[in-house]
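Asker: The sequence shown begins at 350 in the numbering used here and counts up by one. The structure follows.
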Amino acid sequence: MRLDRNLCHLRIWAFVLMALWPPALWADPISPERMTTALSKLEALAQGAVEAGAVPGLAIAVVHDDQVIFLKGFGHREAGKPEAVDADTVFQIASLSKPVSATVVAALVSDHVVSWDSRIADLDPAFRLADPYPTGQLTIRDLFSHRSGLPGTAGDDLEDIGYDRATILHRLRFVPPSSSFRAGYSYSNFGLTEGAVAAALPTGKSWEEIAEEKLYRPLGMASTSSRHADFLKRANRAALHIRVGGAWAAKIKRDPDAQAPAGGVSSTARDLAQWVRLLLGDGVYAGKTVIAADALDQTHVPLMTRGRNPVSGGESFYGLGWNVEFGRHGLSWGHAGAFSVGARTLVTIFPKEKLGIVILANAFPTGVPEGLSDSFADLVFDGSVGKDWIKAWDAIYAGMFGPVVEAAKARYAAPQSPARPAAPASAYAGRYANDFIGDATVSGEGGGVVLTLGPGGARSYPLRHYDGDLFLTNPDAETPERPTGVSFVVGPDGKASSMTVEFLDDNHLGTLRRVGD
């Protein structure tokens with residue numbers, strides 16, 4: 350299989366780095382006694398995290414030397430209800446879907462349906478980026494390594510207001526790049542989604558069918574799906590939880606079908622343990638080659654630098670749907686998943702030691718998955734836990750939204766005094782549009798102003814006056830206390846000619862022009 354020159358250089362560099370890496374990488378085999386002790390302490394740590402209220406529920410699987418050596422659930426599927434989490438509880442795994450999907454594409458590469466260097470222009474000629482050169486040269490490898498130039502949030506905003514996958518992928522052509530092609534790493538849900546969908550196109554089947562055919566069914570992952578409807582059919586499923594008044598509450602549901610390859614897989618600890626067995630077996634499962642080793646191996650070549658791990662300090666890179674890290678215990682492959690509306694997941698694999706752990710949690714924010722994984726690694730490799738990893742990771746996740754919320758609250762704490770009056774509601778009412786966001790409507794209802802967005806007016810946002818032609822709304826279910834602005838430009842005729850929706854303006858595409866009344 351052909352590899353470009355840069356990839357060959359990176360592969361050589363990776364092997365050299367591994368050869369020179371500290372002795373932890375070449376440590377003695379893990380003794381059965383140490384593993385038994387580590388598993389016992391992992392169980393106690395997990396149980397303690399649930400009892401302390403760090404998460405409502407957890408499911409954990411550990412694989413070593415092709416054996417599932419630990420498989421257990423803790424806590425409850427929904428806070429305040431008696432149903433317990435077990436090894437067969439189905440969780441929404443969020444971005445842990447990415448390495449799962451990379452494995453599916455590796456199966457297509459193994460079957461010579463596509464290569465990692467297949468061009469998207471050949472597979473999906475209708476797809477466009479903002480610039481013609483990257484559009485023509487873009488490959489599956491580029492999209493799975495997040496080096497296409499697409500900004501990280503591209504398309505997420507359209508998903509939030511109700512658009513489907515096909516519409517979102519079509520409209521990525523309007524998004525200006527955040528970096529030059531292949532020059533920068535920018536984690537993109539819908540970029541990876543396009544890579545996966547394009548890889549499946551030559552089969553004539555949907556991505557969801559291909560994932561089932563190439564991975565879930567061969568490994569007996571009977572409770573795993575890339576369809577949200579299948580998740581909803583599972584009686585034994587975990588709810589999503591967020592903090593409300595200091596307690597976990599199942600308040601919000603999340604349908605991730607639009608970005609299924611990047612974030613829409615649902616699965617169990619038992620099923621994902623089988624996937625980890627396949628990975629640790631270099632594509633061999635239960636004595637049978639399911640995926641060629643070279644196709645799978647390419648997913649773990651470090652392509653893009655991610656800097657240092659924010660807690661443990663290891664050097665981190667991105668491969669194809671995988672984080673590749675050189676840390677305190679040597680080489681590891683991994684990926685986290687999170688829905689800010691209530692999910693946290695993690696896989697960590699130490700390929701030399703043939704050791705892998707999967708941790709699924711039904712809450713956000715929490716650093717419990719990383720904390721448990723890092724603690725378990727310390728126990729296995731060192732015999733003791735080096736620090737309170739759960740506390741350290743909790744601090745990372747707790748800080749994700751807090752500063753943003755506080756900054757927004759401070760920015761809009763109080764207008765100038767006295768606040769400038771708004772124009773009559775009729776000045777703002779009308780239809781607005783741009784190519785990326787599509788149609789929007791502003792109407793006066795009950796003396797107020799309401800913004801309606803999305804396909805068929807799928808989302809409505811009441812606007813409250815702040816100052817002059819600036820209004821506020823609170824669009825995010827997961828951060829309901831965070832205000833954001835919607836500003837209008839009113840012309841001499843007393844009518845608004847445009848509006849800018851701040852929560853849709855990350856990529857400077859949030860300004861819509863009036864198109865009619």
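Built from N, CA and C at the ideal position, the CB exists for glycine as well. None of these values were measured; they are calculated from a predicted model.
The beta strand (DSSP E) with residue 653 in it runs from where to where?
Answerer: Within the sequence shown, numbered from 1, the residue matching residue 653 stands at position 304. Looking at the DSSP string, the run of the beta strand (DSSP E) that includes residue 653 is 653-657.
Asker: Would you identify the three-state DSSP class for residue 488, choosing helix, strand or coil?
Answerer: Sequence index remark: in the sequence shown, residue 488 carries index 139 (1-based). Here residue 488 sits in strand by DSSP.
Asker: Assign residue 665 to one of two classes, buried (16 or more other C-beta atoms within 10 Å of its C-beta) or exposed (fewer than that).
Answerer: Reading the sequence shown from its first residue, position 316 is the one you call residue 665. So residue 665 counts as buried.
Asker: I need the straight-line Cα distance from residue 639 to residue 567, nearest angstrom please.
Answerer: Residue mapping note: residue 639 aligns to position 290 of the sequence shown, counting from 1. Residue mapping note: residue 567 aligns to position 218 of the sequence shown, counting from 1. Taking the straight line from one Cα to the other gives about 8 Å.
Asker: So, using beta-carbon positions, are residue 802 and residue 815 closer together than 9 Å?
Answerer: As a position in the sequence shown, residue 802 is number 453, starting the count at 1. As a position in the sequence shown, residue 815 is number 466, starting the count at 1. Not in contact: residue 802 and residue 815 (Cβ atoms no closer than 9 Å).
Asker: Tell me the DSSP secondary structure of residue 835 in three-state form.
Answerer: The residue given as residue 835 occupies position 486 in the sequence shown. Three-state result, residue 835: strand.
Asker: Pick helix, strand or coil for residue 421, following the three-state DSSP scheme.
Answerer: Here residue 421 refers to the residue found at position 72 of the sequence shown. Reduced to three states, the DSSP call for residue 421 is strand.
Asker: For residue 798, which residues in the same chain have their Cβ closer than 7 Å to its Cβ, ignoring the five residues on either side in sequence?
Answerer: Taking the sequence shown and counting its residues from 1, the one referred to as residue 798 is at position 449. Hits under 7 Å: 774, 777, 791, 812, 820.
Asker: Take every Cβ of the stretch 530-538, pair it with every Cβ of the stretch 480-491, and state whether three or more of those distances are shorter than 8 Å.
Answerer: Yes, since at least three Cβ pairs between the stretch 530-538 and the stretch 480-491 fall closer than 8 Å, the two stretches touch.
Asker: Looking only at its own chain, which residues have a Cβ that is under 6 Å from the Cβ of residue 676, when we skip the five neighbours before and after it?
Answerer: As a position in the sequence shown, residue 676 is number 327, starting the count at 1. For residue 676, where only same-chain residues beyond five positions count, the Cβ hits under 6 Å are 661, 663.
Asker: Let me know the secondary structure DSSP gives residue 666 once reduced to three states.
Answerer: If you number the sequence shown from 1, residue 666 lands on position 317. Residue 666 falls in the strand class under three-state DSSP.
Asker: Are the beta-carbon atoms of residue 685 and residue 407 separated by less than 9 Å?
Answerer: For this step, residue 685 is matched to residue 336 along the sequence shown. For this step, residue 407 is matched to residue 58 along the sequence shown. Contact flag unset, no.
Asker: Just checking my contact of residue 863 with residue 846 at CB under 8 Å: how many whole Å lie between their CB atoms?
Answerer: For the purposes of this step, residue 863 is identified with residue 514 of the sequence shown, where counting begins at 1. For the purposes of this step, residue 846 is identified with residue 497 of the sequence shown, where counting begins at 1. About 5 Å; that satisfies the 8 Å criterion.
Asker: Classify residue 320 as helix, strand or coil using the three-state DSSP reduction.
Answerer: Since the first and last residues shown for the chain are 350 and 866, residue 320 lies out of range.
Asker: List the endpoints of the continuous beta strand (DSSP E) containing residue 676.
Answerer: For the purposes of this step, residue 676 is taken as the residue at position 327 of the sequence shown. First-last of the beta strand (DSSP E) with residue 676: 672-676.
Asker: In the DSSP assignment, find the beta strand (DSSP E) that holds residue 798 and state where it starts and stops.
Answerer: Looking up residue 798 in the sequence shown gives position 449. It spans 797-802 - the beta strand (DSSP E) in which residue 798 sits, taken as one unbroken run.
Asker: Spatial neighbours of residue 502 within its chain, please: CB distance less than 7 Å, with the 5 preceding and 5 following residues excluded, ordered by chain position.
Answerer: Within the sequence shown, the letter at position 153 stands for residue 502. Contacts found: 855, 856.
Asker: Count the other CB atoms, across all protein chains shown, that sit within 10 Å of the CB of residue 496; report buried if there are 16 or more and exposed otherwise.
Answerer: Taking the sequence shown and counting its residues from 1, one reaches residue 496 at position 147. Per the 10 Å Cβ criterion, buried.
Asker: Am I right that residue 620 and residue 572 are in contact with their C-beta atoms under 8 Å? What's the rounded C-beta distance?
Answerer: Numbered from 1 along the sequence shown, position 271 holds the residue referred to as residue 620. Numbered from 1 along the sequence shown, position 223 holds the residue referred to as residue 572. That pair is a contact at about 5 Å.
Asker: When you compare the stretch 698-712 with the stretch 733-748, are there three or more beta-carbon pairs, one atom per stretch, that lie closer than 8 Å?
Answerer: No, the stretch 698-712 is not in contact with the stretch 733-748.
Asker: Opposite residue 459 in the DSSP bridges: which residues?
Answerer: For this step, residue 459 is matched to residue 110 along the sequence shown. None; residue 459 has no bridge partner.
Asker: May I ask you to list the residues that DSSP assigns as paired with residue 706?
Answerer: Reading the sequence shown from its first residue, position 357 is the one you call residue 706. Answer is 411, 697.
Asker: Cα-Cα, which of 435, 628, 716 is closest to residue 748?
Answerer: For the purposes of this step, residue 748 is identified with residue 399 of the sequence shown, where counting begins at 1. Residue 716 is the option with its Cα nearest to residue 748.
Asker: Excluding five sequence neighbours on each side, which residues of the same chain lie with their C-beta closer than 7 Å to the C-beta of residue 626?
Answerer: Taking the first residue of the sequence shown as position 1, residue 626 is located at position 277. Within the same chain, residue 626 has close Cβ partners 412, 415, 634.
Asker: Which two residues bound the contiguous beta strand (DSSP E) that contains residue 815?
Answerer: Within the sequence shown, the letter at position 466 stands for residue 815. First-last of the beta strand (DSSP E) with residue 815: 808-816.
Asker: Distance check for residue 403 and residue 387, CA to CA, integer angstroms please.
Answerer: Counted from its first residue, the sequence shown places residue 387 at position 38. Counted from its first residue, the sequence shown places residue 403 at position 54. Near 21 Å, if we compare the C-alpha coordinates of residue 403 and residue 387.
Asker: At which residues does the alpha helix (DSSP H) containing residue 388 begin and terminate?
Answerer: By 1-based counting over the sequence shown, the position of residue 388 is 39. Element bounds for residue 388: 381-400.
Asker: Give every residue of the same chain whose Cβ lies closer than 6 Å to the Cβ of residue 738, excluding the five residues on either side of it in the sequence, and list them in chain order.
Answerer: Taking the sequence shown and counting its residues from 1, the one referred to as residue 738 is at position 389. Taken in chain order, the residues that qualify are 720, 723, 724.
Asker: Leaving out the 5 sequence neighbours to the left and right, which residues in its chain are closer than 6 Å to residue 828 when beta-carbon positions are compared?
Answerer: By 1-based counting over the sequence shown, the position of residue 828 is 479. For residue 828, where only same-chain residues beyond five positions count, the Cβ hits under 6 Å are 750, 754.
Asker: Indicate the three-state DSSP secondary structure (helix, strand or coil) for residue 586 in the structure shown.
Answerer: Translated into the one-based positions of the sequence shown, residue 586 becomes position 237. Residue state, collapsed to three classes: strand.
Asker: Thinking residue 617 and residue 449 are a contact (beta carbons under 8 Å), I'd like their distance in whole angstroms, please.
Answerer: By 1-based counting over the sequence shown, the position of residue 617 is 268. By 1-based counting over the sequence shown, the position of residue 449 is 100. About 13 Å separates the two Cβ atoms, so there is no contact after all.
Asker: Buried or exposed, going by whether 16 or more other CB atoms sit within 10 Å of the CB of residue 842?
Answerer: As a working mapping, residue 842 is identified with position 493 in the sequence shown. It counts as exposed.
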